[in-house]
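*Asks:* Once you've had a glance at the structure underneath, I'll fire off some questions.
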Amino acid sequence: MSPLTIAAAILGLIATGYGIGRLRPARRVSDWANWQKYDQTMRRHSARWWTVWTVLAVEDLAWVAGHPATAWQAWQHRNDPPPPRGPAMAINQTKGPTT
505 MSPLTIAAAI LGLIATGYGI GRLRPARRVS DWANWQKYDQ TMRRHSARWW
555 TVWTVLAVED LAWVAGHPAT AWQAWQHRND PPPPRGPAMA INQTKGPTT
């Protein structure tokens, strides 16, 4: 392989990486799936339904693979009751500055 071919291949890989980074296709697909989740007219078990839930499942599995300790802690505490609320704030009305 000649040095010119290697340089062209490296420049091609850099340009491809730049293009993918600018387009962010995974982010666009994830955003699309999250919006489709709320579509009430989508029939269950249609091709679009399967696509949406497959994308969301892959997104969840990728998060678990990337953050295993946080995922394990979230799994352990998934059924915990919410923390108790604090006392209500007291608001005192005072007169403003006099002129």
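So the sequence shown is numbered by this note's numbering: it starts at 505 and just counts up by one. Glycine included, each C-beta is placed from N, C-alpha and C at the ideal position. Small disclaimer: the values here were computed from a predicted structure and weren't measured.
#1: Does the count of Cβ pairs from the segment 543 to 554 and the segment 572 to 587 closer than 8 Å reach three?
#2: Looking only at its own chain, which residues have a Cβ that is under 7 Å from the Cβ of R547, when we skip the five neighbours before and after it?
#3: Determine the extent of the alpha helix (DSSP H) in which R552 is found, giving its start and end residues.
#4: Please state if the CB of A537 and the CB of V556 are separated by a distance shorter than 8 Å.
#5: Indicate the three-state DSSP secondary structure (helix, strand or coil) for P507 in the structure shown.
#6: What did DSSP end up calling D584 once you bin it into helix, strand or coil?
#7: Over what stretch of residues does the alpha helix (DSSP H) that includes P529 continue unbroken?
*Replies:* Let's see:
#1: no
#2: W553
#3: A551 to G570
#4: yes
#5: helix
#6: coil
#7: P529 to Q540
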